[in-house]
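So the structure is just underneath, and the comments pick up after that.
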């Protein structure tokens, strides 16, 4: 399926090349095809372009590198396989070599990367992709340098291995069989400090629209907020909303432990479309929803991913909005009638104790318009051009409600004023009613909110307990350290005007 893989820098200079056979096309062959389709290739997402009647080319941008995957196109081949393989390869490269900010790390470890691809692909088909299995098969250190530095040691070990008895050989065979049963875990794992951590991370993505509530006229008695009861005449209506969650696990445990992770029943009841790491026993989850039984991979892994559809889980808008108001952040966008002024208010949920960061992006209807700051209670503001402004806040505690009061400076109104000032003839001053009709009032097209806070998640999911059922090789007297962390962050959090 995957015939060749090429890694190049931002100028399409080849950094690494891996081919399945001698007849596979070389990078010089596919480069003209890439150049011819460069206009339709984006840098934010992966792109697929046809190479010929039998092959397609996947192009994936990652930091300063570009990954090109030449794969066979067929009805029997899942089109997501090449993309999933590239993402797993990038995770593996980061695990071995660190961040991919420059291509020098790939160039300095070409031999190790070749060995990794040799293990990850078996006759063009993805084979070994688990981190821990690859760590057993491919050493972190460059193979060439390892050979040069330890040639004598390797020779002595090989000689000693030939003198082993038949009983020791049977033991080695048993170890290999045992390892093949748990491919995601390294063999003979040893840790001085035994510990395990659970991270529950949920991402909130919503589209909100302000609607009238109980009638009334908005009146801004202050530059910061309105003390009039009419301010309560507006509420948010949730057009769509989802919560995407994942349960990450960090294991530094000696031996082969069997663990059980219990979640509270209240948080589990709304979970839909869960997907699990293959180390999780699915039969245990089916028998008792909310219980994960697993032998963890050594190091970091994602045990479970899930989604909560707020539209289907909650019938009324008040229930859907209640999830935001209770456990995360709610935002009010108030546009004043017959004016270019608007106001943004941030409300922290009752369960939120501290917010690490908030960024509110304000988008104008016209890219030539500008966002003007009138007053803010917290943070700082900057206009970024192209009709976009940013309100940034850091380290906010509960009990406060940050407010942004601004206005839109319309480019069309400026053009009209300039044209009128150039007229030499004297005109009769228009009436206030006519002047109001000619005035073009503008407002933000929408705002987008980015934030992150710790301590709770909107679904209410919590870890009740984490138990070690059995731990071969760990020891009865060892008591591993346990830690749990909850993180909530925003995805596409948008409020339309």
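In the working numbering, the protein residues as written are -4 to 492.
Glycine is no exception: its CB is placed at the ideal position from the N, C-alpha and C atoms.
From residue i to residue j, what distance separates their C-alpha atoms?
i           : j           : result
residue 194 : residue 180 : 20 Å
residue 22  : residue -3  : 15 Å
residue 329 : residue 453 : 25 Å
residue 395 : residue 322 : 15 Å
residue 32  : residue 44  : 8 Å
residue 65  : residue 101 : 19 Å
residue 491 : residue 360 : 11 Å
residue 109 : residue 295 : 24 Å
residue 342 : residue 204 : 16 Å
residue 280 : residue 240 : 17 Å
residue 403 : residue 326 : 19 Å
residue 364 : residue 400 : 17 Å
residue 340 : residue 282 : 45 Å
residue 77  : residue 116 : 11 Å
residue 301 : residue 198 : 11 Å
residue 91  : residue 111 : 10 Å
residue 285 : residue 258 : 5 Å
residue 63  : residue 121 : 16 Å
residue 430 : residue 333 : For residue 430, the predicted model reports a pLDDT of 49, less than 50, meaning its position is unreliable; a value from the coordinates is still stated below. Taking the straight line from one Cα to the other gives about 12 Å.
Specify the secondary structure class of residue i as computed by DSSP and reduced to three states.
i           : result
residue 346 : coil
residue 61  : strand
residue 183 : coil
residue 200 : strand
residue 31  : helix
residue 103 : helix
residue 79  : helix
residue 191 : strand
residue 123 : coil
residue 369 : strand
residue 459 : strand
residue 50  : strand
residue 392 : strand
residue 17  : coil
residue 323 : coil
Would you mind working out which of the options sits nearest residue i, comparing C-alpha positions?
i           : options               : result
residue 118 : 387, 463, 14 and 356  : 14
residue 307 : 190, 238 and 292      : 238
residue 493 : 481, 466 and 88       : The structure shown has nothing for residue 493, since the chain only spans -4 to 492.
residue 397 : 41, 350 and 319       : 350
residue 133 : 113, 120, 121 and 122 : 113
residue 445 : 487, 479 and 482      : 487
residue 479 : 470, 464, 463 and 457 : 457
residue 264 : 253, 303, 275 and 103 : 303
residue 262 : 55, 455 and 475       : 455
residue 55  : 69, 473, 48 and 29    : 29
Count the other CB atoms within 10 Å of the CB of residue i; is the residue buried (16 or more) or exposed (fewer)?
i           : result
residue 448 : buried
residue 268 : exposed
residue 233 : buried
residue 81  : buried
residue 24  : exposed
Excluding the 5 residues flanking residue i on each side, which residues of the same chain have their C-beta closer than 7 Å to its C-beta?
i           : result
residue 130 : 181
residue 312 : 232 and 233
Under 6 Å Cβ to Cβ from residue i, same chain only, skipping five residues before and after it: list those, please.
i           : result
residue 188 : none
residue 347 : 393 and 448
residue 256 : 287 and 461
residue 362 : 381 and 382
residue 202 : 234, 235 and 489
residue 319 : 325
residue 353 : 388 and 446
residue 376 : 368 and 386
Taking 8 Å as the limit between beta carbons, can you name the residues of its chain near residue i, skipping five residues before and five after?
i           : result
residue 95  : 57, 58, 59, 60, 85, 88, 89 and 101
residue 297 : 241, 242, 243, 244 and 272
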